[in-house]
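*Asks:* Heads up: the sequence lines are chains A and B, in that order.
What the first sequence shows, in the numbering used here, is residues 42 to 253, in sequence order.
What the second sequence shows, in the numbering used here, is residues 42 to 253, in sequence order.
2 protein chains.
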Amino acid sequence: MTHYSKQDILELPNLQRMHLINTCGGVKSANLIGTISKTGVTNLAVFNSVIHLGSNPPMLSFMLRPTTVERHSYSNFIEKIDFTVNHIEESFVSEAHQTSAKYDNDISEFKEVGLTEEFIEGFEAPFVKESKIKMGCTFVNEYLIKEHNCRLIVGEIQHLLVENGIQEKDGFLDLAKANSLGIIGLDGYVKTELIDRYAYARPNQDLKPLKR
Amino acid sequence: MTHYSKQDILELPNLQRMHLINTCGGVKSANLIGTISKTGVTNLAVFNSVIHLGSNPPMLSFMLRPTTVERHSYSNFIEKIDFTVNHIEESFVSEAHQTSAKYDNDISEFKEVGLTEEFIEGFEAPFVKESKIKMGCTFVNEYLIKEHNCRLIVGEIQHLLVENGIQEKDGFLDLAKANSLGIIGLDGYVKTELIDRYAYARPNQDLKPLKR
């Protein structure tokens with residue numbers, strides 16, 4: 042087993058440190074966030090930090106890092122409020138990752154990488170037609186995380202679109218069945234296989250697998 | 042395709058809404074966070090929201106929800122500062138999930154579920170011996186996320202332990218090879234398979250897969 046102290050980590054070459062620390066927290070969600078500028082240019086960017094915040098009202102959050110690419114998204118949803126969150130699937134993983142290239146402000150990543158815009162009535166931001174699970178959200182709040190100058194963005198879910206055959210009776214979306222990917226670090230994409238779901242755990246009671 | 046509006050979501054039965062919104066953001070990381078109380082009782086709890094914050098200095102963050110179970114962890118790392126983050130693997134997935142049962146304050150989840158405590162010199166919180174990737178962190182800051190009364194906890198990585206054979210030359214930890222699991226929603230555990238890693242994307246240049 043390799044033991045890195047904080048000092049060992051700080052002394053690593055930049056890229057090695059970045060890959061190590063980006064991967065060590067575990068598998069992350071793989072989403073494309075879609076926005077539109079006030080002049081009507083659509084934008085699409087990979088985010089690996091979307092997490093659930095609460096269900097009543099339905100909200101999610103994600104971390105925005107101080108990079109050029111993500112700032113296009115940021116200025117868009119500050120201006121327009123609406124944004125979409127679209128699951129990345131294996132069938133368009135390379136198109137999705139290509140959105141992380143630094144395109145100019147007046148260029149739409151949709152067209153550049155070959156993904157299809159889709160709009161729903163009364164909602165300004167573009168969805169990714171190819172995604173089987175996608176959400177239309179409105180910007181609610183942001184928190185400056187001063188330690189790394191990140192912003193935690195909080196959004197409320199206004200629309201949730203789910204392809205048929207993915208949702209179980211109790212509401213659970215089987216993301217393995219949906220082929221929704223996960224991300225390792227910055228550049229590793231994984232598919233998933235469901236091991237099991239477990240019933241609510243109680244002290245001194247055997248855990249009940251729900252699928253086996 | 043099913044289209045849920047915010048109003049449709051709010052009208053769902055509680056459990057269905059909870060499962061739907063907990064799963065819709067994508068696959069999440071699967072970690073056990075270990076702490077110790079001032080009276081020396083160890084504590085272990087599942088967290089599915091650990092994400093990387095920045096690598097220099099190495100920091101991560103996670104969301105603490107206003108529940109009884111997680112509050113044991115919270116009071117511990119407020120008092121002791123040290124906590125550990127340990128990847129959940131398939132070999133001990135049911136033991137890991139069982140830690141989510143509401144045990145009393147004076148009971149250690151390690152002993153109750155059958156996982157093994159491991160300590161390193163100069164660090165107070167317990168590691169999970171069975172984990173192949175684990176971190177010893179210190180509490181740095183917390184941010185109250187008022188929308189759902191959650192707390193975003195920021196920790197600095199002081200120790201990072203990685204089993205041999207997992208890390209690639211450029212620093213990347215292959216979490217699929219490590220058998221680190223992901224979580225869907227609250228109760229679904231998935232294993233992962235690496236599809237590929239991609240080189241840094243640039244406009245008007247074909248994306249280069251690193252593994253194929």
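Glycine included, each C-beta is placed from N, C-alpha and C at the ideal position.
Measure how close the beta-carbons of A/Glu188 and B/Asn182 come, nearest whole angstrom, since I'm counting them as under 8 Å.
*Replies:* Locating residue 188 of chain A in the first sequence gives position 147, where the first residue counts as 1. Locating residue 182 of chain B in the second sequence gives position 141, where the first residue counts as 1. About 6 Å; that satisfies the 8 Å criterion.
*Asks:* Note down, in chain order, all residues in the segment 172-193 of chain A with a beta-carbon under 7 Å from any beta-carbon belonging to chain B.
*Replies:* Of all residues in the segment 172-193 of chain A, Ile174, Met176, Val181, Asn182, Tyr184, Ile186, Glu188, His189, Cys191, Leu193 have a Cβ within less than 7 Å of some Cβ in chain B.
*Asks:* Taking the alpha carbon of B/Arg6 as the point to measure from, which residue in B/Lys47, B/Pro99, B/Ser78 has its own alpha carbon closest?
*Replies:* Any question about residue 6 of chain B goes unanswered here, given that chain B covers just 42 to 253.
*Asks:* Could you name each continuous alpha helix (DSSP H) segment of 4 residues or more that falls completely within the segment 52-98 of chain A, going from the start of the chain to the end?
*Replies:* Whole alpha helix (DSSP H) segments, 4+ residues: 55-64.
*Asks:* Excluding sequence positions up to five away, which residues of its chain have a Cβ less than 7 Å from the Cβ of B/Leu201?
*Replies:* Taking the first residue of the second sequence as position 1, residue 201 of chain B is located at position 160. Hits under 7 Å: Met176.
*Asks:* Establish whether the CB of B/Pro167 and some CB of chain A are separated by less than 8 Å.
*Replies:* Sequence index remark: in the second sequence, residue 167 of chain B carries index 126 (1-based). No - not a single Cβ of chain A is within 8 Å of the one on B/Pro167.
*Asks:* Residues bridged to B/Gly226 by DSSP?
*Replies:* Walking along the second sequence from the start, residue 226 of chain B turns up at place 185. In DSSP, B/Gly226 forms no bridge with anything.
*Asks:* Listed in chain order, which residues of the segment 197-208 of chain B have Cβ atoms closer than 8 Å to some Cβ of chain A?
*Replies:* Listed in sequence order: Glu197, Ile198, Gln199, His200, Leu201, Leu202, Val203, Glu204, Asn205, Gln208.
*Asks:* Just to confirm before moving on: does the CB-CB distance between B/Lys69 and A/Ser116 stay below 8 Å?
*Replies:* Numbered from 1 along the second sequence, position 28 holds the residue referred to as residue 69 of chain B. Numbered from 1 along the first sequence, position 75 holds the residue referred to as residue 116 of chain A. The answer is no: Cβ separation not under 8 Å.
*Asks:* Using the C-alpha atoms, what's the distance from B/Pro99 back to A/Cys65?
*Replies:* On the first sequence, position 24 is the one that residue 65 of chain A refers to. On the second sequence, position 58 is the one that residue 99 of chain B refers to. Their backbone Cα atoms lie some 10 Å apart in a straight line.
*Asks:* Report the neighbours of B/Tyr230 on chain A: residues whose CB is nearer than 9 Å to its CB, in chain order.
*Replies:* What you label residue 230 of chain B is simply residue 189 of the second sequence in a count that begins at 1. The contacting residues are Leu235, Ile236, Asp237, Arg238, Tyr239.
*Asks:* Can you pull the chain A residues whose beta carbon is under 7 Å from the beta carbon of B/Asp211, in chain order?
*Replies:* Here residue 211 of chain B refers to the residue found at position 170 when the second sequence is read from its first residue. Correct list: Leu56, Gln57, His60.
*Asks:* Got a sec: which bits of the segment 108-137 of chain B sit with their beta carbon under 8 Å from any beta carbon on chain A, in order along the chain?
*Replies:* Within the segment 108-137 of chain B, the qualifying residues are Val126, His128, Glu131, Val134, Ser135.
*Asks:* Could you tell me which chain B residues have their CB closer than 9 Å to the CB of A/Ala23, listed as they occur along the chain?
*Replies:* Since the first and last residues shown for chain A are 42 and 253, residue 23 of chain A lies out of range.
*Asks:* Just reading off the beta strand (DSSP E) that B/Glu150 is part of, what are its end residues?
*Replies:* Within the second sequence, the letter at position 109 stands for residue 150 of chain B. It is not in any beta strand (DSSP E) - B/Glu150 instead sits in the alpha helix (DSSP H) that spans 150-154.
*Asks:* Provide the residue(s) that pair with A/Tyr39 in DSSP beta bridges, ordered along the chain.
*Replies:* Given that chain A is displayed from residue 42 to residue 253, the structure contains no residue 39 of chain A and the question cannot be resolved.
*Asks:* Under 8 Å, Cβ to Cβ, is there at least one residue of chain B near A/Val68?
*Replies:* Taking the first residue of the first sequence as position 1, residue 68 of chain A is located at position 27. Closer than 8 Å: yes.
*Asks:* Which term fits A/Glu127, buried or exposed, when burial requires 16 or more other beta carbons within 10 angstroms of its beta carbon?
*Replies:* Sequence index remark: in the first sequence, residue 127 of chain A carries index 86 (1-based). According to the sequence provided, residue 127 of chain A is Asn. The question's Glu does not apply to it. Answer is buried; the Cβ neighbour count reaches 16.
*Asks:* Which first and last residues belong to the alpha helix (DSSP H) in which A/His138 is found?
*Replies:* The count along the first sequence starts at 1 and reaches residue 138 of chain A at position 97. Where A/His138 is concerned, the enclosing alpha helix (DSSP H) stretches over 134-139.
*Asks:* For A/His60 versus B/Asp237, is the C-beta spacing smaller than 8 Å?
*Replies:* Your numbering for residue 60 of chain A matches position 19 in the first sequence. Your numbering for residue 237 of chain B matches position 196 in the second sequence. No; because the gap between Cβ atoms is not below 8 Å, this pair is not in contact.
*Asks:* Check whether the segment 230-244 of chain A and the segment 227-234 of chain B touch, using three or more Cβ-Cβ pairs below 8 Å as the test.
*Replies:* Cβ pair count under 8 Å is three or more, so yes.
*Asks:* Out of curiosity, what's the CA-to-CA distance linking B/Ser141 and A/Ala242?
*Replies:* Taking the second sequence and counting its residues from 1, one reaches residue 141 of chain B at position 100. Taking the first sequence and counting its residues from 1, one reaches residue 242 of chain A at position 201. Rounded to whole angstroms, B/Ser141 to A/Ala242 spans 6 Å at the Cα level.
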